[in-house]
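Novice: Please find one structure pasted underneath; my questions will follow.
2 protein chains.
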Amino acid sequence: MTSVAMKYLKLGESGFDQSLSDMLSWESVSNADMQKLVADIIHHVRTEGDQALIEYSAKFDSYPVDSMAALTVSAEDIEAAFNRLDEAKQDALKVAAERVEKYHSKQLSESWQYTDELGVVLGQKVTAMDKVGIYVPGGVAPLASSVIMNAMPAKVAGVKDIVMATPAPNGEVSDFVLAAAYVSGVTECYLLGGAQAIAALAYGTQTVPSVDKIVGPGNAFVATAKAQVFGKVGIDMIAGPSEILVVCDGKTNPDWIAMDLFSQAEHSHDAQAILISQDAEFLAQVKASIEKLLPTMERADTILESLNNRGLMIEVAQLEQAIELINTIAPEHLELSIDEPESWLDGIRHAGAIFMGRHSSEALGDYCAGPNHVLPTSGTARFFSPLGVYDFQKRSSLIGASAQAANTLGPVVSVLARGELLTAHAQSAEYRIND
Amino acid sequence: MTSVAMKYLKLGESGFDQSLSDMLSWESVSNADMQKLVADIIHHVRTEGDQALIEYSAKFDSYPVDSMAALTVSAEDIEAAFNRLDEAKQDALKVAAERVEKYHSKQLSESWQYTDELGVVLGQKVTAMDKVGIYVPGGVAPLASSVIMNAMPAKVAGVKDIVMATPAPNGEVSDFVLAAAYVSGVTECYLLGGAQAIAALAYGTQTVPSVDKIVGPGNAFVATAKAQVFGKVGIDMIAGPSEILVVCDGKTNPDWIAMDLFSQAEHSHDAQAILISQDAEFLAQVKASIEKLLPTMERADTILESLNNRGLMIEVAQLEQAIELINTIAPEHLELSIDEPESWLDGIRHAGAIFMGRHSSEALGDYCAGPNHVLPTSGTARFFSPLGVYDFQKRSSLIGASAQAANTLGPVVSVLARGELLTAHAQSAEYRIND
Numbered sequence: 001m002t003s004v005a006m007k008y009l010k011l012g013e014s015g016f017d018q019s020l021s022d023m024l025s026w027e028s029v030s031n032a033d034m035q036k037l038v039a040d041i042i043h044h045v046r047t048e049g050d051q052a053l054i055e056y057s058a059k060f061d062s063y064p065v066d067s068m069a070a071l072t073v074s075a076e077d078i079e080a081a082f083n084r085l086d087e088a089k090q091d092a093l094k095v096a097a098e099r100v101e102k103y104h105s106k107q108l109s110e111s112w113q114y115t116d117e118l119g120v121v122l123g124q125k126v127t128a129m130d131k132v133g134i135y136v137p138g139g140v141a142p143l144a145s146s147v148i149m150n151a152m153p154a155k156v157a158g159v160k161d162i163v164m165a166t167p168a169p170n171g172e173v174s175d176f177v178l179a180a181a182y183v184s185g186v187t188e189c190y191l192l193g194g195a196q197a198i199a200a201l202a203y204g205t206q207t208v209p210s211v212d213k214i215v216g217p218g219n220a221f222v223a224t225a226k227a228q229v230f231g232k233v234g235i236d237m238i239a240g241p242s243e244i245l246v247v248c249d250g251k252t253n254p255d256w257i258a259m260d261l262f263s264q265a266e267h268s269h270d271a272q273a274i275l276i277s278q279d280a281e282f283l284a285q286v287k288a289s290i291e292k293l294l295p296t297m298e299r300a301d302t303i304l305e306s307l308n309n310r311g312l313m314i315e316v317a318q319l320e321q322a323i324e325l326i327n328t329i330a331p332e333h334l335e336l337s338i339d340e341p342e343s344w345l346d347g348i349r350h351a352g353a354i355f356m357g358r359h360s361s362e363a364l365g366d367y368c369a370g371p372n373h374v375l376p377t378s379g380t381a382r383f384f385s386p387l388g389v390y391d392f393q394k395r396s397s398l399i400g401a402s403a404q405a406a407n408t409l410g411p412v413v414s415v416l417a418r419g420e421l422l423t424a425h426a427q428s429a430e431y432r433i434n435d
Numbered sequence: 436m437t438s439v440a441m442k443y444l445k446l447g448e449s450g451f452d453q454s455l456s457d458m459l460s461w462e463s464v465s466n467a468d469m470q471k472l473v474a475d476i477i478h479h480v481r482t483e484g485d486q487a488l489i490e491y492s493a494k495f496d497s498y499p500v501d502s503m504a505a506l507t508v509s510a511e512d513i514e515a516a517f518n519r520l521d522e523a524k525q526d527a528l529k530v531a532a533e534r535v536e537k538y539h540s541k542q543l544s545e546s547w548q549y550t551d552e553l554g555v556v557l558g559q560k561v562t563a564m565d566k567v568g569i570y571v572p573g574g575v576a577p578l579a580s581s582v583i584m585n586a587m588p589a590k591v592a593g594v595k596d597i598v599m600a601t602p603a604p605n606g607e608v609s610d611f612v613l614a615a616a617y618v619s620g621v622t623e624c625y626l627l628g629g630a631q632a633i634a635a636l637a638y639g640t641q642t643v644p645s646v647d648k649i650v651g652p653g654n655a656f657v658a659t660a661k662a663q664v665f666g667k668v669g670i671d672m673i674a675g676p677s678e679i680l681v682v683c684d685g686k687t688n689p690d691w692i693a694m695d696l697f698s699q700a701e702h703s704h705d706a707q708a709i710l711i712s713q714d715a716e717f718l719a720q721v722k723a724s725i726e727k728l729l730p731t732m733e734r735a736d737t738i739l740e741s742l743n744n745r746g747l748m749i750e751v752a753q754l755e756q757a758i759e760l761i762n763t764i765a766p767e768h769l770e771l772s773i774d775e776p777e778s779w780l781d782g783i784r785h786a787g788a789i790f791m792g793r794h795s796s797e798a799l800g801d802y803c804a805g806p807n808h809v810l811p812t813s814g815t816a817r818f819f820s821p822l823g824v825y826d827f828q829k830r831s832s833l834i835g836a837s838a839q840a841a842n843t844l845g846p847v848v849s850v851l852a853r854g855e856l857l858t859a860h861a862q863s864a865e866y867r868i869n870d
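In structure tokens:
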């Protein structure tokens with residue numbers, strides 16, 4: 001193992017802004033070959049339906065099957081998977097699901113309506129989507145928490161059909177993942193992965209229903225497919241590698257901070273962990289903790305690669321200078337490991353999730369604090385929000401004009417529509433004047 | 436002029452579902468040449484900045500300029516454009532802006548926070564985006580209402596910088612459009628069109644600021660560019676041609692209904708106008724009104740092409756059967772030209788805007804009722820919402836765990852994180868147990 005060589009910057013030093021910008025820079029590669037490959041897979045699923053899914057199961061998941069029955073997980077199978085888990089896991093999943101459900105229930109929007117001074121009834125009717133798709137990656141880690149975080153907001157919104165797709169390499173699917181589906185209201189499950197899963201959910205096949213929106217993380221095939229079906233269905237945000245920004249006043253155990261940085265870095269070689277402090281001595285202590293703890297970690301190679309590629313320590317003169325750095329970085333996860341973190345909230349404009357105080361580890365939010373762990377990455381907290389109930393509700397405007405109101409507003413419509421050269425619009429309102 | 440030949444279907448007749456599906460079907464063409472052309476334009480603007488914009492102004496807008504000054508509209512120029520309008524237009528713009536502002540103010544989300552039974556502070560902090568871009572097409576019609584509908588929700592959200600881009604073919608820009616910017620809180624304006632305008636707003640140049648989100652309608656270049664910069668910035672929905680679905684019990688003046696259908700059809704040859712009634716005689720009367728009124732219309736050719744391509748009358752046995760048709764069609768605009776339209780609301784799950792009663796013409800909503808006229812098209816009301824204040828606010832999750840709460844929840848995190856093979860996550864929570 002090579003040694004840890006995290007980048008170290010001092011705010012105010014010459015070239016700081018450019019160095020920070022270089023460190024933060026991340027852009028997904030839009031590969032024309034990948035686009036074409038994914039477009040072909042989508043086309044094949046649209047035209048051949050189930051048969052295409054059966055072919056791809058053998059080809060991409062090394063799981064040859066005769067029929068869609070083998071790619072369909074029944075409600076009984078999902079429940080059975082839960083029952084096979086040990087009690088500690090069952091309980092932990094239930095606690096997480098309940099806490100996530102409770103937090104998200106606060107996000108529910110309600111319809112509203114009022115009558116204005118002209119007698120126009122105006123309002124907004126809020127309804128749940130009918131049917132949504134949740135994609136859950138296969139691969140190394142069985143992402144049970146991902147199932148809960150993607151499905152539960154849909155359940156809370158009142159979505160009737162929550163359809164999960166997850167690949168079963170060699171026919172194997174994790175009980176832990178299915179059990180998470182059990183506690184979070186998933187209503188159907190198919191063993192499908194990659195672009196073919198996204199295509200099936202977007203367009204439907206003989207067996208798989210088409211859904212209104214598809215959410216959930218995935219590899220480049222999945223992300224590309226989601227972008228390609230956007231518009232036919234809704235999708236959640238476009239996610240980059242995960243990141244954490246820890247701001248610490250130097251009074252937290254440096255081992256804790258090192259581990260918090262690791263908990264981000266262990267995700268992938270391009271995950272990003274940043275630490276800001278006004279205390280140079282403390283930064284050195286955290287570096288020592290990193291070097292001490294790293295060899296003990298199961299994912300030490302990934303953590304080392306991530307820290308050396310994209311890890312960053314920033315020394316500031318005054319801790320409060322971190323606030324503008326936070327807004328520049330717009331981090332996915334922000335840990336305020338300081339006294340009185342709430343006093344910072346007013347100044348923080350852009351962050352996916354804010355963890356306040358030394359005991360609020362990011363991991364708590366990843367699993368069971370309550371808020372969602374699907375968060376905007378790579379600075380997109382400037383305009384994206386955490387996944388939430390609002391992602392599964394939609395709104396219809398309500399407009400009810402009395403004869404009197406149509407009479408009063410008709411001339412306004414007439415002037416504006418004629419100004420835009422849209423005379424049918426104008427006449428349609430003019431007919432209702434003096435009626 | 437050829438004669439009107441709108442399609443006519445009877446619910447329940449053999450082949451109805453397929454015929455309806457065929458009529459509704461619309462898919463944007465994703466053209467590889469267009470994708471490449473737009474990608475090149477974006478790249479050129481990213482690398483050359485202002486200079487690229489100056490080149491494109493000459494090339495695409497027949498407007499050769501020496502510097503960005505000629506492509507920049509000052510606040511004084513915007514105000515002057517408003518002052519040059521006649522009073523009727525000034526007043527109409529002000530009434531529309533005020534009504535739109537008032538309705539949208541009801542959409543503002545507030546931050547919230549609570550402490551749960553374990554002593555965990557949980558919440559959602561809602562903030563406005565810093566800077567957004569509004570694209571306003573040039574072309575035949577000066578879309579003043581489009582400026583109001585796109586800018587006002589951003590203004591109400593509290594966005595500080597609202598940057599408008601609109602092309603100036605031959606250097607000409609409409610006073611009406613600039614005046615609309617004046618009444619709706621636009622803070623900067625550049626005379627830029629097409630993919631180059633979107634690229635400038637997404638990435639910034641020496642003169643044009645980069646924004647967080649870009650909204651507004653546009654041609655295929657604009658739509659393609661918006662899709663390509665999505666992720667770097669937020670964008671609003673992907674819009675298809677405009678459509679209206681009118682449901683009428685036969686008791687509204689058939690001329691009114693014909694004109695309501697025209698007001699959609701006059702937008703473009705692929706706009707869609709659909710009428711449902713249980714009264715075959717009334718449908719025939721509307722057809723007669725269409726034939727009578729069409730020759731008097733300024734955009735008769737476009738209306739005829741639209742009605743003959745995509746126009747549709749549907750006869751149902753019972754008027755209430757229209758409700759399930761509405762949900763299948765998920766129309767952008769829905770006119771309920773019936774008695775007691777509010778009694779239908781519970782059954783209607785998918786529609787962009789619902790116009791209730793005979794006096795509520797769609798045109799009223801297009802200009803000044805208050806709700807937004809940027810609405811989900813082509814059935815996407817199943818998952819998209821009208822443009823609103825919520826499109827310009829974003830959320831940050833808040834999590835503050837006490838030592839006690841970290842102690843209680845730590846074991847849950849530990850079990851779940853270890854189940855997912857993420858041991859740094861687990862340890863980061865375990866450190867905080869029994870502290």
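Here the protein sequences line up with chains B and D, keeping their order. Per our numbering, the first sequence starts with residue 1, numbered consecutively. Per our numbering, the second sequence starts with residue 436, numbered consecutively. Glycine residues also receive a C-beta, built at the ideal position from the N, C-alpha and C atoms. Every value quoted in this text rests on a predicted model; they were computed, and no experiment measured them.
Please classify GLU623/D as buried or exposed, where buried requires at least 16 neighbouring CB atoms within 10 angstroms.
Specialist: buried
Novice: For ALA838/D, which residues from the same chain have a beta carbon less than 8 Å from its beta carbon, with the 5 sequence-adjacent residues on both sides left out?
Specialist: ARG867, ASP870
Novice: Run through DSSP, which three-state label would TYR114/B get?
Specialist: strand
Novice: Work out the CA separation of ILE597/D and GLY620/D for me, nearest whole Å.
Specialist: 7 Å
Novice: Secondary structure at SER105/B, three-state DSSP: helix, strand or coil?
Specialist: helix
Novice: Does ARG830/D come within less than 8 Å of chain B when only Cβ atoms are used?
Specialist: yes
Novice: Any C-beta of chain B sitting closer than 8 Å to the C-beta of VAL530/D?
Specialist: Yes, its Cβ sits closer than 8 Å to a Cβ of chain B.
Novice: Closer than 8 Å, CB to CB, is LEU803/D near chain B or not?
Specialist: Looking at the sequence shown, residue 803/D is not Leu but Cys. Yes, CYS803/D lies at the interface with chain B (some Cβ there is under 8 Å from its Cβ).
Novice: Roughly how many angstroms lie between the CA atoms of VAL247/B and ARG358/B, to the nearest whole one?
Specialist: 10 Å
Novice: Please name the residues in the stretch 614-636 of chain D whose beta-carbon is closer than 7 Å to at least one beta-carbon of chain B, in chain order.
Specialist: none
Novice: With a 10 Å radius around its C-beta and 16 neighbouring C-beta atoms as the bar for buried, classify GLU855/D as buried or exposed.
Specialist: buried
Novice: In chain order, what residues of the stretch 698-719 of chain D put their CB closer than 7 Å to some CB of chain B?
Specialist: SER698, GLU701
Novice: Would you mind working out which of LYS442/D, ASN466/D, MET469/D, ALA467/D sits nearest ASP457/D, comparing C-alpha positions?
Specialist: LYS442/D
Novice: If you check the beta carbons only, do LYS529/D and GLY805/D fall under 8 Å apart?
Specialist: no
Novice: State the DSSP-derived secondary structure class of TYR56/B, mapped to helix, strand or coil.
Specialist: TYR56/B: helix per DSSP, three-state reduction.
Novice: Taking the alpha carbon of HIS43/B as the point to measure from, which residue in GLN196/B, GLY231/B, TYR63/B has its own alpha carbon closest?
Specialist: Taking each of GLN196/B, GLY231/B, TYR63/B in turn and checking the Cα distance to HIS43/B, the smallest one comes out for GLN196/B.
Novice: Determine the extent of the beta strand (DSSP E) in which LEU275/B is found, giving its start and end residues.
Specialist: 272-277
Novice: Pull up the DSSP beta-bridge partners for LEU336/B, would you.
Specialist: Under DSSP, LEU336/B forms a beta bridge with VAL247/B, MET356/B.
Novice: Apart from the five residues just before and just after GLU777/D, which ones in its own chain have a Cβ nearer than 8 Å to its Cβ?
Specialist: MET791
Novice: So is THR550/D buried or exposed if we call it buried at 16+ other beta carbons inside 10 Å?
Specialist: exposed
Novice: So within the stretch 780-832 of chain D, which uninterrupted alpha helix (DSSP H) runs reach at least 4 residues, ignoring any that extend past its ends?
Specialist: 797-802
Novice: So, ASP647/D versus LYS566/D, is the Cβ gap smaller than 8 Å?
Specialist: yes
Novice: Starting from LEU215/B, trace the beta strand (DSSP E) in both directions and tell me its first and last residue.
Specialist: Strictly speaking, residue 215/B in this sequence is Val, with Leu absent from that position. Residues 213-215.
Novice: Which same chain residues, not among the five before or five after HIS704/D, have their C-beta less than 7 Å away from its C-beta?
Specialist: Hits under 7 Å: THR737, GLU740, SER741, ASN744.
Novice: Quick one: measure Cβ to Cβ for GLN542/D and GLY823/D, integer angstroms, because I've assumed they're closer than 8 Å.
Specialist: The pair is a contact, with the Cβ atoms about 5 Å apart (cut-off 8 Å).
Novice: Which residue wins for smallest C-alpha separation from ALA616/D, given the options PRO577/D, GLU462/D, ILE764/D, GLN828/D?
Specialist: PRO577/D
Novice: Which word fits GLN393/B, buried or exposed, when buried means at least 16 other C-beta atoms lie within 10 angstroms of its C-beta?
Specialist: buried
Novice: Check each candidate in SER19/B, GLN18/B, TRP26/B, LEU20/B and name the one with the smallest Cα separation from SER242/B.
Specialist: TRP26/B
Novice: From the DSSP output, read off the bridge partner residues of GLN872/D.
Specialist: Past the boundaries of the shown model lies residue 872/D; chain D is included only from 436 to 870, so the question cannot be answered.
Novice: On the three-state DSSP scale, how would you describe GLU298/B?
Specialist: coil
Novice: Using a Cβ-Cβ cut-off of less than 9 Å, list which residues of the stretch 844-859 of chain D approach chain B; keep chain order.
Specialist: Listed in sequence order: LEU844, GLY845, PRO846, VAL847, VAL848, SER849, VAL850, LEU851, ALA852, GLY854, GLU855, LEU856, LEU857, THR858, ALA859.
Novice: Per the DSSP calculation, TYR625/D is bridged to which residue(s)?
Specialist: THR507/D, ALA600/D
Novice: Kindly indicate if chain D contains any beta-carbon less than 8 Å away from that of LEU304/B.
Specialist: No, LEU304/B does not count as interfacial toward chain D.
Novice: Leaving out five residues before and five after ALA706/D in sequence, what residues of the same chain have Cβ atoms less than 6 Å from its Cβ?
Specialist: Take ALA706/D, set aside five residues on each side of it, and the residues of its chain with a beta-carbon closer than 6 Å to its own are PRO676, SER677, GLN699, ALA700, SER741, in chain order.
Novice: Which residue's Cα is closest to the Cα of SER74/B: ALA179/B, LYS160/B, GLU87/B?
Specialist: When each option's Cα is compared against that of SER74/B, the closest is ALA179/B.
Novice: Check whether the Cβ atoms of SER544/D and TYR825/D sit closer than 8 Å, and answer yes or no.
Specialist: yes
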